[in-house]
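When you line the sequence shown up against UniProt numbering, it's residues 1 to 696, in that order. See below for the structure under consideration.
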Amino acid sequence: AAMASRADLPGAVTVPRASVLPHSRHSCARRRVEQTARSGTTRFDLRVLGALGVTLATRVRQSLVPRRQQVTPTQRSTRSLNPSQRKAVCAKVAGPQLIIAGAGSGKTTVLTERLAWLVKEGVDPSKVLLLTFTKNAAEEMKQRAQDLVGDRAGDVLACTFHSFCARVLRRHGRALNLPSDFVVLDDAESKQMIQSARKKLGFDNKDRQKLPLAAELRKMFSYAVSVGQPLREVLLQKFWKYHDMAEDVEACLMEYQKLKAAEDYLDFDDLLEQCDRVLQDPHVCQEVAKNCEHVLVDEYQDTDLLQGSILKSITSGRASPQITVVGDDAQGIYGFRGADITNIRDFEDTFEDVSVFKLEENYRSHQKILDLANSVMSLATEGYRKTLHSQLPGGSFPELAFFKNRSAEAQWVLSQLEFLHNEKGFQWRDMAVLFRKGRASKMLEANLRAHDVPYHLVGKMKWTQSAHVRDLVAILQCAFIPRHRLAWKRVLQLVQGVGEKLSDRIFQEIFQNLRLAPEKWNNCSFAQDLSSLADLMDELKEMDNDPKRCVALAREWYQPYFENTFANQEERLEDFLVFEDFVENWDRMTDALEEMNLSAPSSEEKNDVVTLSTIHSAKGLEWNCVFIIDLVDDFPQYNPPEEELRVLYVGITRARHQLFLTCPGQPLSPWLNRTPKLSELVQIRGATSSENSAMF
Numbered sequence: 001a002a003m004a005s006r007a008d009l010p011g012a013v014t015v016p017r018a019s020v021l022p023h024s025r026h027s028c029a030r031r032r033v034e035q036t037a038r039s040g041t042t043r044f045d046l047r048v049l050g051a052l053g054v055t056l057a058t059r060v061r062q063s064l065v066p067r068r069q070q071v072t073p074t075q076r077s078t079r080s081l082n083p084s085q086r087k088a089v090c091a092k093v094a095g096p097q098l099i100i101a102g103a104g105s106g107k108t109t110v111l112t113e114r115l116a117w118l119v120k121e122g123v124d125p126s127k128v129l130l131l132t133f134t135k136n137a138a139e140e141m142k143q144r145a146q147d148l149v150g151d152r153a154g155d156v157l158a159c160t161f162h163s164f165c166a167r168v169l170r171r172h173g174r175a176l177n178l179p180s181d182f183v184v185l186d187d188a189e190s191k192q193m194i195q196s197a198r199k200k201l202g203f204d205n206k207d208r209q210k211l212p213l214a215a216e217l218r219k220m221f222s223y224a225v226s227v228g229q230p231l232r233e234v235l236l237q238k239f240w241k242y243h244d245m246a247e248d249v250e251a252c253l254m255e256y257q258k259l260k261a262a263e264d265y266l267d268f269d270d271l272l273e274q275c276d277r278v279l280q281d282p283h284v285c286q287e288v289a290k291n292c293e294h295v296l297v298d299e300y301q302d303t304d305l306l307q308g309s310i311l312k313s314i315t316s317g318r319a320s321p322q323i324t325v326v327g328d329d330a331q332g333i334y335g336f337r338g339a340d341i342t343n344i345r346d347f348e349d350t351f352e353d354v355s356v357f358k359l360e361e362n363y364r365s366h367q368k369i370l371d372l373a374n375s376v377m378s379l380a381t382e383g384y385r386k387t388l389h390s391q392l393p394g395g396s397f398p399e400l401a402f403f404k405n406r407s408a409e410a411q412w413v414l415s416q417l418e419f420l421h422n423e424k425g426f427q428w429r430d431m432a433v434l435f436r437k438g439r440a441s442k443m444l445e446a447n448l449r450a451h452d453v454p455y456h457l458v459g460k461m462k463w464t465q466s467a468h469v470r471d472l473v474a475i476l477q478c479a480f481i482p483r484h485r486l487a488w489k490r491v492l493q494l495v496q497g498v499g500e501k502l503s504d505r506i507f508q509e510i511f512q513n514l515r516l517a518p519e520k521w522n523n524c525s526f527a528q529d530l531s532s533l534a535d536l537m538d539e540l541k542e543m544d545n546d547p548k549r550c551v552a553l554a555r556e557w558y559q560p561y562f563e564n565t566f567a568n569q570e571e572r573l574e575d576f577l578v579f580e581d582f583v584e585n586w587d588r589m590t591d592a593l594e595e596m597n598l599s600a601p602s603s604e605e606k607n608d609v610v611t612l613s614t615i616h617s618a619k620g621l622e623w624n625c626v627f628i629i630d631l632v633d634d635f636p637q638y639n640p641p642e643e644e645l646r647v648l649y650v651g652i653t654r655a656r657h658q659l660f661l662t663c664p665g666q667p668l669s670p671w672l673n674r675t676p677k678l679s680e681l682v683q684i685r686g687a688t689s690s691e692n693s694a695m696f
């Protein structure tokens with residue numbers, strides 16, 4: 001009875017009569033266990049034997065599991081994979097493997113399981129190389145592999161392409177006369193050194209032709225390296241507006257290279273370029289390849305020409321290259337940075353006897369969202385065909401809404417966000433607004449600020465935080481809040497010849513008199529500019545009831561400074577137009593300024609915020625509710641047409657449950673316009689224009 005009362009406690013086991021108990025040196029204890037078990041299936045508590053019983057309990061349990069059921073962690077985990085995933089994970093060790101992983105199909109899981117499987121199958125983990133595009137991704141996959149097969153996976157080299165190249169160069173760079181202690185420049189340091197090159201060549205002087213800023217030059221130099229083209233050709237094809245200053249841009253590049261060489265600096269592009277060069281040495285290539293017996297690559301569609309060449313070098317020394325790459329050519333959207341989608345599309349031509357696996361079961365989105373995504377991608381003329389299938393039941397049709405202008409679009413998106421949050425119970429963080437071009441979000445930002453909806457703008461400065469907008473706001477604040485010291489100091493220092501100390505002196509007089517008195521500075525070089533500023537202040541005060549006119553007047557005074565100060569003026573000018581549209585929501589300029597000041601500026605620090613992001617920055621992420629805005633005829637416009645189709649596809653497949661597409665005041669994006677059976681795949685709102693209604 002005492003034994004029975006303990007039967008359901010930890011330590012109690014059920015032993016079939018036929019079980020063979022583990023051998024024990026303690027024959028007496030063993031006999032007691034055997035005797036208890038002879039009568040058939042019996043419940044007993046081994047803890048009555050003390051510490052010995054605990055040991056026996058463990059060994060008994062092990063003996064009771066048939067050998068075919070004693071699964072390893074890897075075997076247990078692969079049972080949770082779907083058949084397509086399992087085939088990819090458990091494919092033969094030798095030979096090249098290409099895994100085409102559709103959106104939401106468990107790409108990371110499959111690559112991690114593949115890594116664990118290779119280790120389990122006897123591949124030396126110290127000779128496995130896992131390459132990713134971010135350090136976090138590499139560390140996460142390595143840790144997950146360790147969870148599956150134990151510490152053995154800890155010997156795997158999991159790193160980014162740049163980190164791998166740095167390792168190779170530190171060991172073999174002497175073949176290129178590179179010191180092993182070279183210093184790697186991060187992106188900010190690289191821009192700083194380019195700025196030094198500009199300055200050394202005199203391009204900061206006003207009498208010289210204005211050269212692109214360091215950040216833009218960095219893009220040009222990097223793109224040229226990624227695509228393997230001369231800088232002058234890149235300027236002609238991609239950065240054409242700077243082609244007439246090609247000689248100066250090339251001179252700046254040469255000076256930048258000299259400055260780096262003098263200090264033994266390498267930037268990120270140098271790491272790839274020099275690593276590819278050193279691997280052309282057969283001896284070096286053989287040394288590197290023998291330590292990379294099996295290579296796994298994440299996001300293969302995003303690799304560029306140099307990365308593809310490096311991979312080919314370190315894997316081509318064997319009769320059967322052992323390389324597994326995972327990617328999705330349908331999500332190749334980084335051509336503007338130099339990514340080469342032909343790396344994944346030509347993989348079967350680059351390597352022989354390639355095993356190809358497709359992952360088409362989607363665990364993210366409802367089927368109605370996937371139906372639209374599949375139909376959009378059916379327009380592609382190249383690449384691997386795939387059809388995504390959802391593992392989620394139910395779901396609603398995506399909505400496609402048309403508006404007369406961006407202002408109406410922004411107001412509707414705002415109302416939907418508030419409805420989903422207040423009425424449907426979604427958290428702000430469950431929702432995202434995606435767009436192709438950063439300027440598309442600015443009108444929406446203004447509306448979100450005005451209604452205290454918290455948001456985070458990914459990777460970019462908020463519209464109201466940009467210097468040119470803050471300058472314009474400060475000008476208006478000087479007129480309508482005359483004792484605003486910070487605003488006055490900002491505006492006064494826009495005047496050439498007025499610095500920190502002088503702006504303090506001028507403001508003291510403004511504070512006492514509540515007006516700018518330029519006549520007191522008639523003998524100064526800046527007297528005329530102060531006089532025009534004083535005239536502007538008087539005119540603005542008379543226009544309080546016409547906010548849009550106030551912004552236009554402030555812009556007119558600000559224009560000379562703006563033209564002499566900022567690059568990318570076209571995009572910044574659009575900010576001013578957004579500002580004008582924003583202030584139209586108020587009857588008085590003073591009310592608009594107060595609303596801008598009261599809008600919560602710290603929403604980015606909160607966790608529960610709506611995400612505003614370009615589609616490129618949103619790749620790999622997902623939300624319950626997704627809005628894709630500004631789907632007009634020029635969406636998108638810069639890159640090769642089919643890359644822009646893929647951008648739209650990536651945006652659509654970020655949505656889990658609800659998807660909203662919006663088009664403001666122009667014909668619809670041609671990719672949606674041409675999508676087969678669009679009217680059957682979406683619910684349509686407001687298609688009143690002849691351009692948009694004709695397709696339905």
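Glycine included, C-beta positions come from ideal geometry on N, C-alpha and C.
C-alpha gap between residue i and residue j, whole angstroms
{"i": "residue 165", "j": "residue 278", "result": "10 Å"}
{"i": "residue 563", "j": "residue 569", "result": "8 Å"}
{"i": "residue 579", "j": "residue 368", "result": "38 Å"}
{"i": "residue 191", "j": "residue 420", "result": "42 Å"}
{"i": "residue 182", "j": "residue 260", "result": "10 Å"}
{"i": "residue 46", "j": "residue 125", "result": "Summary for residue 46: the model assigns pLDDT 43, below 50, so the residue's position carries little reliability; its value from the coordinates is reported in the next sentence. Answer to the nearest angstrom: the Cα atoms are 41 Å apart."}
{"i": "residue 629", "j": "residue 434", "result": "6 Å"}
{"i": "residue 487", "j": "residue 446", "result": "21 Å"}
{"i": "residue 405", "j": "residue 180", "result": "58 Å"}
{"i": "residue 308", "j": "residue 458", "result": "29 Å"}
{"i": "residue 152", "j": "residue 656", "result": "36 Å"}
{"i": "residue 524", "j": "residue 484", "result": "24 Å"}
{"i": "residue 676", "j": "residue 373", "result": "11 Å"}
{"i": "residue 480", "j": "residue 590", "result": "6 Å"}
{"i": "residue 531", "j": "residue 518", "result": "5 Å"}
{"i": "residue 666", "j": "residue 100", "result": "36 Å"}
Proximity to residue i [Cα-Cα], best of the options
{"i": "residue 469", "options": "586, 554, 501 and 211", "result": "554"}
{"i": "residue 281", "options": "173, 436, 132 and 122", "result": "173"}
{"i": "residue 305", "options": "325, 239, 228 and 245", "result": "228"}
{"i": "residue 161", "options": "203, 136 and 631", "result": "136"}
{"i": "residue 453", "options": "683, 411, 180 and 248", "result": "411"}
{"i": "residue 472", "options": "542, 505 and 558", "result": "558"}
{"i": "residue 735", "options": "117, 566 and 218", "result": "Nothing about residue 735 can be reported from this structure: the residues present for the chain run from 1 to 696 only."}
{"i": "residue 385", "options": "442, 134, 103 and 611", "result": "103"}
{"i": "residue 288", "options": "149, 271, 311 and 300", "result": "311"}
{"i": "residue 132", "options": "326, 647 and 455", "result": "326"}
{"i": "residue 575", "options": "298, 666, 443 and 647", "result": "443"}
{"i": "residue 295", "options": "123, 353, 389 and 658", "result": "123"}
{"i": "residue 359", "options": "379, 662, 679 and 84", "result": "84"}
{"i": "residue 290", "options": "266, 315 and 270", "result": "315"}
{"i": "residue 120", "options": "92, 101, 96 and 149", "result": "149"}
{"i": "residue 540", "options": "550, 353 and 534", "result": "550"}
beta-carbon residue i near the ligand MG non-hydrogen atom, thresh 7 Å
{"i": "residue 301", "result": "Summarising the ligand content, the structure contains no ligands, and the ligand MG is consequently not present."}
Environment of residue i [buried if 16+ CB atoms lie within 10 Å]
{"i": "residue 362", "result": "buried"}
{"i": "residue 556", "result": "exposed"}
{"i": "residue 537", "result": "buried"}
{"i": "residue 113", "result": "buried"}
{"i": "residue 607", "result": "exposed"}
{"i": "residue 511", "result": "exposed"}
{"i": "residue 283", "result": "exposed"}
{"i": "residue 428", "result": "buried"}
{"i": "residue 503", "result": "buried"}
Rounded distance between the beta-carbons of residue j and residue i, thought under 8 Å
{"i": "residue 631", "j": "residue 669", "result": "4 Å"}
{"i": "residue 464", "j": "residue 377", "result": "At roughly 37 Å, the Cβ-Cβ gap does not stay under 8 Å, so residue 464 and residue 377 are not in contact."}
{"i": "residue 317", "j": "residue 285", "result": "7 Å"}
{"i": "residue 388", "j": "residue 370", "result": "4 Å"}
| request: Would you list, in sequence order, the uninterrupted alpha helix (DSSP H) runs of no fewer than 4 residues that lie entirely inside the stretch 446-506? | output: 467-480 and 485-492
| Which runs of the alpha helix (DSSP H) spanning at least 4 residues fall entirely within the stretch 267-347, listed in chain order? | 268-278, 282-290, 305-315 and 342-345
| task | Within the stretch 357-388, note down every full alpha helix (DSSP H) run reaching 4 residues or more, in order along the chain. | result | 367-377
| query | Which ranges does the beta strand (DSSP E) cover as unbroken runs of at least 3 residues, wholly within the stretch 618-660, from first to last along the chain? | reply | 623-628
| request: Write down every uninterrupted run of the beta strand (DSSP E) in the stretch 142-171 whose length is 3 residues or greater and which is fully enclosed by it, in chain order. | output: 157-160
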